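K.L.:
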Amino acid sequence: ISDQKPLGCWSVKHGQILTCPVVCNFETQEYIAVHDGKVLRIWKNEDLNLDKAFKATLSADVYRIHSLPQGGALVLFRGGGVRTLDVLLEAPQQEIESLISAETIRWSEAFMEGQEPILIFITQKDKDFFVYVQKPKLNSLHKYKLEPQKLARPLCFTAHITNQTVTLLCLYTNHSVYQVLIPLQQDTEEEEEKEEEILSKSLLLKLSVSGAGLKGTSIVVLDKDHIAVLGNIPEPGRKPKEFLTIWNTKFQTLQTCKELPRGTSGQLWCYEEKFFLIHGKVLTVIMYKCETSSLAAAVGKLKDSQTVDVSSFVNWNTLEEEELVASLESQESVALKAESRMNLRSNRSTGQSGPLSVEQLLIRLKDTSNYVVEVELKKLIARAPTLDLQAAIGCVVTTLTDRCKKNPKFYPQSLLQEIVETRDLSYSLCPDLMAVALEQKDLQLLQICLERFPDIPEEITYACLKAFLSMSEDHLKSVDINLDSAICYIDVECNDMEVKTEIVENGFSEEMDQDMCDTKIPKERQSDGESCPVGLQKAALLNAVLHSPYTETFLLPHLKNLPAQQAVLFLRYLYYLYVKCSEKVNTTLPGIRSPTINQIMDWMCLLLDAQFTVMVMLPEAKDLLSNLHRFVRAQVRFYSELNKIEGSLRELQRLNHLRESQTYSIEVLEII
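Just so you know, the sequence shown maps onto residues 1 to 672 in UniProt numbering.
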C-alpha cells in the first residue's frame with residue numbers, strides 16, 4: 001500500500017467488464033470475480049493469466065459475492081436468489097429463482113450465526129424499502145418493509161447480529177441514524193402465510209459536529225457500542241468539509257472526529273480493527289481499538305458540543321503527522337504513513353511509575369543522549385510482540401531517522417540494525433530509514449533491509465544497487481557485511497583463478513558450445529564466465545538487491561539511468577551467476593539466501609531491456625554479449641534435445657515404479 005506496489009495484477013479481455021467486487025474465499029485462498037454479469041472466474045494468487053482461470057457461465061446476473069471466514073462464499077443474484085458457491089459450482093446453469101419484482105437491491109451483507117450463514121439485503125421500489133433475511137442452507141426467506149420516514153430517505157446501511165437478533169442501522173438524509181431490530185425467526189407454516197411485516201425504527205443518533213448537521217455517506221459498526229460515520233458538512237459557496245467521526249451509541253455521544261481536507265470517495269471500510277478510506281489520491285489505513293464503553297469515557301463528549309477535543313481519545317498520525325509528535329513530518333513520497341494506534345478512551349497515566357509510554361518515549365527521543373536512547377529502546381524491544389507494539393516501533397524508528405536527518409552526527413547504527421533484525425518491520429513503517437542509511441553509507445543495514453523488507457520502492461532498490469556498484473573493493477573489505485549468500489560459490493583466496501569443473505552438467509561445456517557455433521571462441525575470452533568480476537563483499541550486497549521484490553514497470557525507468565560501466569559490471573556478475581547455476585544439476589547455488597536461477601534470469605533480462613542500446617554501443621560489452629548469446633543458445637539447444645526424449649524418460653520412470661525387484665540387476669533399455 002505504501003508505495004503503490006502491485007503484488008498481483010489480473011485483467012479481463014478487452015470488452016469485458018467486472019460487474020461486482022472481487023472477493024477472496026477464505027477457505028480455499030482463491031479469488032472470485034464476475035464479469036459481464038454472469039461469467040464466474042476463480043483463480044489463485046500464483047495464476048498469471050485470468051483468461052486461463054476457472055470459468056463458469058451462470059444462468060442469471062450476479063449482484064454481489066460475499067465471503068465468510070468460516071462459511072464459504074455466498075452468491076447473491078440480482079433477482080434476490082442466493083446460493084452457496086459450492087452448490088452453484090455443482091450445476092452452474094441451474095435455474096435461479098427471482099424473488100423481487102420491480103425492486104432494486106441497494107445493500108447486502110453476510111453474517112455467521114453459529115454455524116449458519118445468513119444473508120441480508122435491502123431493496124428499493126419507488127419510495128419504499130424492503131429487508132430480506134435469507135438462510136441459504138435452510139432455504140429460509142423472510143421479507144419485511146421498513147417504516148417510511150417523512151421528508152427523509154435512507155442513504156446507507158450497516159448491521160450486526162447479537163443473540164439471534166439483527167441490529168440494522170440506517171443512515172438517513174436528515175442527519176440521523178435509526179436503529180431497526182429484526183429477530184431471526186424460526187420457519188413455521190404460519191410465518192409462511194403471514195404478510196410482510198412492517199419494521200418500526202427508533203432514533204439512535206442525531207449527527208451533529210460543532211453544531212452543524214453531518215450529512216453521512218458511509219457507516220460501519222466497530223463494536224456493540226461504537227460506530228464510525230464518514231460524511232460532510234455543507235458550507236454555502238464553498239466545498240463541503242468532510243469528516244471521519246466516531247460515535248458512542250450507548251451514551252449517544254460524539255466520541256471523536258477528524259477533518260479530511262483532501263476529500264474522500266464517500267466510502268469507508270472496516271476490517272480487522274482497521275479503517276480503510278480514500279483520502280485524496282491515496283488509500284489511508286487507520287488502526288483503532290475499542291475498549292468497554294463507560295460513562296467516564298464519554299464525559300465531555302456530548303453531542304452538539306461546540307468544541308471537540310480529540311487528543312485524549314485518538315492519535316491520528318496516519319492523517320495528520322503533527323498530532324503525536326512534531327518530528328513525524330510529512331512523507332510526501334509515501335502513500336501510507338506508519339499505522340498508528342487509535343484508542344477510543346483516554347489512557348493518560350500521569351503519576352504512574354514504570355516504563356515510559358510510547359508517546360513519552362517519542363518526545364524524549366528528540367533530544368536525549370545516545371545512551372538514554374539505547375536503554376529506553378531496549379526496554380521497548382524486550383516487550384512481548386503485539387500489533388500495537390509493532391506500529392509503535394515503526395513510529396520510534398521514524399522519530400530516530402528524523403533526528404538523523406536534522407543532525408547527521410547522530411546515528412545509532414547498532415540499535416537500528418538490532419531493531420530491523422529482531423522485528424518484522426516493513427518499509428512503510430519506517431519510510432526514511434533506508435534513505436538515511438544510504439546517506440550514512442551503512443551498507444550492513446541496507447543489506448538487512450533489502451533481505452527483510454517486502455515493500456521497498458523501486459527507486460530505493462535502484463539507489464542501493466547504484467551505491468553498491470560504485471563502492472571500491474578496497475573500501476568494502478573494511479566493512480562488516482554478511483557473506484553467507486556468496487561465500488559458498490566464490491573462491492575467497494583467488495577468485496580470478498577458479499578451476500572449471502570437468503564434469504559436463506546441464507549440457508554445457510566450452511567444447512560443446514564451440515561445436516554448436518560457427519566460429520571458435522578465442523582463449524582469452526573463454527574465462528569470462530569462470531571468474532567472479534566482483535569481490536566477495538560486493539557480491540553479497542548485490543545478492544541482497546537480487547532478493548528484493550520489485551515491479552518491472554516501476555524499476556525499468558530507473559535502470560535506464562544506471563551508468564554504463566556499472567551496468568556492464570552488473571551484467572558480468574549476473575552472467576557469472578548464470579554460468580554457476582548451470583553447472584549444478586539442480587541449478588541451485590549453495591549458501592544462505594543465495595540468488596535463485598529465476599531471480600538471476602529476471603534481473604538479466606530487465607537489465608538488458610533497460611540498457612540494450614548502451615550495451616551494443618560499448619566496445620567492452622561486445623565480448624560479454626557474444627559469450628552470453630553463445631551460452632544461452634547452447635542451453636536452449638540442450639533443453640530442446642531433452643524435450644525430444646521426454647516421452648521415453650517418462651516411460652522409463654513409469655517402469656521403475658512398476659518394478660519392485662529386491663535383487664541386484666543390470667538392465668539395458670534401448671531408446672528408439
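Ideal Cβ positions, reconstructed from N, Cα and C, are used throughout, including at glycine. Since we're looking at a predicted model, the values are computed, not measured.
Taking the straight line between their C-alpha atoms, what separation do you get for Arg633 and Val616?
P.N.:
Looking up residue 633 in the sequence shown gives position 633. Looking up residue 616 in the sequence shown gives position 616. For Arg633 and Val616, the distance between alpha carbons rounds to 18 angstroms.
K.L.:
Relative to the C-alpha of Leu76, which candidate in Gln134, His475, Asp474 has its C-alpha closest?
P.N.:
In the sequence shown, counting from the first residue as 1, residue 76 sits at position 76. For the residues Gln134, His475, Asp474, the minimum Cα distance to Leu76 belongs to Gln134.
K.L.:
In or out: Gly237 buried (at least 16 other Cβ within 10 Å) or exposed?
P.N.:
Start at 1 with the first residue of the sequence shown, and residue 237 comes out as number 237. Looking at its Cβ environment, which holds fewer than 16 other Cβ atoms inside 10 Å, Gly237 is exposed.
K.L.:
Beta-carbon separation of Leu400 and Leu416 under 8 angstroms?
P.N.:
Your numbering for residue 400 matches position 400 in the sequence shown. Your numbering for residue 416 matches position 416 in the sequence shown. For Leu400 and Leu416, yes; Cβs fall inside 8 angstroms.
K.L.:
When you compare only the Cα positions, how much space is there between Ser11 and Ile65?
P.N.:
The residue labelled residue 11 in the question sits at position 11 within the sequence shown. The residue labelled residue 65 in the question sits at position 65 within the sequence shown. Looking at the two C-alpha atoms, the distance is approximately 19 angstroms.
K.L.:
Would you identify the three-state DSSP class for Val668, choosing helix, strand or coil?
P.N.:
In the sequence shown, residue 668 corresponds to position 668, counting from 1. Three-state result, Val668: coil.
K.L.:
Quick check on Ile17: buried or exposed, where buried means 16 or more other Cβ atoms within 10 Å of its Cβ?
P.N.:
As a position in the sequence shown, residue 17 is number 17, starting the count at 1. With fewer than 16 other Cβ atoms within 10 Å, it is exposed.
K.L.:
Could you tell me which residues DSSP puts in a beta bridge with Tyr132?
P.N.:
Locating residue 132 in the sequence shown gives position 132, where the first residue counts as 1. DSSP, once it has assigned bridges, lists Phe121, Lys143 as partnering Tyr132.
K.L.:
Return the first residue and the last residue of the alpha helix (DSSP H) that Gln179 is part of.
P.N.:
Position 179 of the sequence shown, counted from the start, is the residue given in the question as residue 179. Premise fails: Gln179 lies in the beta strand (DSSP E), 176 to 183, not in any alpha helix (DSSP H).
K.L.:
For a test of the three-state rule: what should DSSP assign to Arg637, helix, strand or coil?
P.N.:
On the sequence shown, residue 637 is found 637 positions in, with the first residue counted as 1. Looking at Arg637 - three-state DSSP - the assignment turns out to be helix.
K.L.:
I'd like the span of the beta strand (DSSP E) that includes Thr596, first residue to last.
P.N.:
Sequence index remark: in the sequence shown, residue 596 carries index 596 (1-based). Taken as a continuous stretch (DSSP letters only), Thr596 belongs to no beta strand (DSSP E), as it is neither H nor E.
K.L.:
Report the residue ranges of all beta strand (DSSP E) runs contained in full by the region 17 to 94; include only those spanning at least 3 residues, in chain order.
P.N.:
Runs found: 18 to 25, 30 to 35, 39 to 43, 54 to 57, 62 to 68, 72 to 77, 82 to 84.
K.L.:
Measure the C-alpha to C-alpha separation of residue 698 and Leu483 and round it to an integer number of angstroms.
P.N.:
Coverage of the chain is limited to positions 1 through 672, which leaves residue 698 absent and any answer about it impossible.
K.L.:
If you draw a straight line from the alpha carbon of Trp421 to that of Leu445, how long is it in whole angstroms?
P.N.:
Residue mapping note: residue 421 aligns to position 421 of the sequence shown, counting from 1. Residue mapping note: residue 445 aligns to position 445 of the sequence shown, counting from 1. Here residue 421 turns out to be Glu, not Trp, going by the sequence shown. Approximately 9 angstroms between the Cα atoms of the pair.
K.L.:
What do you reckon, are the CB atoms on Arg572 and Pro533 nearer than 8 angstroms?
P.N.:
For the purposes of this step, residue 572 is taken as residue 572 along the sequence shown, with counting starting at 1. For the purposes of this step, residue 533 is taken as residue 533 along the sequence shown, with counting starting at 1. In this structure, Pro533 lies closer than 8 angstroms to Arg572 by Cβ.
K.L.:
Hey, out of Glu113, Ile118, Leu433, Leu155, whose CA is closest to Trp107's CA?
P.N.:
To locate residue 107, count along the sequence shown from 1; it is residue 107. The option with the nearest alpha carbon to Trp107 is Leu155.
K.L.:
As a quick exercise: from Glu147, Tyr462, Glu196, Ile233, pick the residue whose alpha carbon is nearest that of Ala212.
P.N.:
Stepping through the sequence shown from its first residue, residue 212 is reached at position 212. For the residues Glu147, Tyr462, Glu196, Ile233, the minimum Cα distance to Ala212 belongs to Ile233.
K.L.:
Just the Cα atoms here: how many angstroms apart are Leu230 and Gly15?
P.N.:
Position 230 of the sequence shown holds residue 230. Position 15 of the sequence shown holds residue 15. Their backbone Cα atoms lie some 35 angstroms apart in a straight line.
K.L.:
Which one or two residues does DSSP pair with Trp107 in a beta bridge?
P.N.:
Start at 1 with the first residue of the sequence shown, and residue 107 comes out as number 107. Ile122.
K.L.:
Between Cys290 and Leu184, is the Cβ-Cβ spacing less than 8 angstroms?
P.N.:
To locate residue 290, count along the sequence shown from 1; it is residue 290. To locate residue 184, count along the sequence shown from 1; it is residue 184. Cβ distance not < 8 angstroms, so Cys290 and Leu184 don't count as in contact.
K.L.:
Please determine, among Lys143, Leu138, Ile419, Ile448, the residue with the shortest C-alpha to C-alpha distance to Glu196.
P.N.:
Mapped onto the sequence shown, residue 196 falls at position 196. Measuring from the Cα of Glu196, the nearest candidate turns out to be Lys143.
K.L.:
Taking a contact to mean a Cβ-Cβ separation below 8 angstroms, would you say Leu214 touches Phe243 in this structure?
P.N.:
Residue numbering aside, residue 214 sits at position 214 when the sequence shown is read from its first letter. Residue numbering aside, residue 243 sits at position 243 when the sequence shown is read from its first letter. Against a cut-off of 8 angstroms, the Cβ pair of Phe243 and Leu214 comes out as a contact.
K.L.:
Contact defined as beta carbons within less than 8 angstroms: I believe Ala60 pairs with Arg41. What is the distance between those atoms, to the nearest angstrom?
P.N.:
As a first step, residue 60 is located in the sequence shown; it is residue number 60 there, counting from the start. As a first step, residue 41 is located in the sequence shown; it is residue number 41 there, counting from the start. Going by Cβ atoms, the distance from Ala60 to Arg41 rounds to 17 angstroms, so no, they are not a contact pair.
K.L.:
To the nearest angstrom, report how far apart Lys56 and Asn543 are at their CA atoms.
P.N.:
Taking the first residue of the sequence shown as 1, we reach residue 56 at position 56. Taking the first residue of the sequence shown as 1, we reach residue 543 at position 543. Checking the sequence shown, residue 56 turns out to be Ala, not Lys. The straight-line gap from Cα to Cα measures roughly 44 angstroms.
K.L.:
Could you tell me which uninterrupted alpha helix (DSSP H) segments, each at least 4 residues in length, are contained entirely in the region 430 to 475, listed from first to last along the chain?
P.N.:
DSSP runs (the alpha helix (DSSP H)) wholly in the region 430 to 475: 433 to 440, 443 to 452, 458 to 470.
K.L.:
Using a Cβ-Cβ cut-off of 6 angstroms (strictly less than) and excluding sequence neighbours within five positions of Met604, which residues of its own chain qualify?
P.N.:
Here residue 604 corresponds to residue number 604 of the sequence shown, with the count starting at 1. Only Leu574 meet the Cβ criterion.
K.L.:
Taking only the alpha-carbon atoms, compute the straight-line gap between Pro148 and Thr284 and give it to the nearest angstrom.
P.N.:
For this step, residue 148 is matched to residue 148 along the sequence shown. For this step, residue 284 is matched to residue 284 along the sequence shown. One C-alpha to the other measures close to 36 angstroms.
K.L.:
I'd like the list of long-range same chain contacts for Phe276, defined as Cβ closer than 7 angstroms, with 5 residues on each side in sequence excluded.
P.N.:
Counting from one through the sequence shown, the residue named residue 276 turns up at place 276. So the qualifying residues of the chain are Trp269, Leu283, Val285.
K.L.:
Leaving out the 5 sequence neighbours to the left and right, which residues in its chain are closer than 8 angstroms to Val308 when beta-carbon positions are compared?
P.N.:
The residue you call residue 308 lines up with position 308 of the sequence shown. Bear in mind that a pLDDT of 33 at Val308, under 50, signals an unreliable position, so the number given afterwards is only what the model happens to contain. Val209, Ser210, Leu254, Thr256, Cys257, Lys301.
K.L.:
Taking a contact to mean a Cβ-Cβ separation below 8 angstroms, would you say Val579 touches Glu620 in this structure?
P.N.:
One-based indexing of the sequence shown puts residue 579 at position 579. One-based indexing of the sequence shown puts residue 620 at position 620. Contact: no.
K.L.:
Exposed or buried, what is Asn248 when buried is set at 16 or more other beta-carbons lying within 10 Å of its beta-carbon?
P.N.:
Here residue 248 refers to the residue found at position 248 when the sequence shown is read from its first residue. When all chains shown are included, Asn248 counts as buried.
K.L.:
Got a sec, what are the start and stop residues for the alpha helix (DSSP H) Leu555 sits in?
P.N.:
As a first step, residue 555 must be located in the sequence shown, where it is residue number 555. Per DSSP, Leu555 belongs to the alpha helix (DSSP H) from 552 to 559.
K.L.:
By DSSP, does His14 sit in helix, in strand, or in coil?
P.N.:
Translated into positions along the sequence shown, residue 14 becomes position 14. Residue state, collapsed to three classes: coil.
K.L.:
Once you ignore the five residues that flank Cys24 on each side, which residues in its own chain have a CB closer than 8 angstroms to its CB?
P.N.:
Position 24 of the sequence shown holds residue 24. Taken in chain order, the residues that qualify are Glu30, Tyr31, Ile32, Ser67.
K.L.:
Figure out for me which residue from Lys38, Ile120, Leu119, Gln179 has the closest Cα to the Cα of Leu199.
P.N.:
The residue labelled residue 199 in the question sits at position 199 within the sequence shown. It is Gln179 whose Cα lies nearest to the Cα of Leu199.
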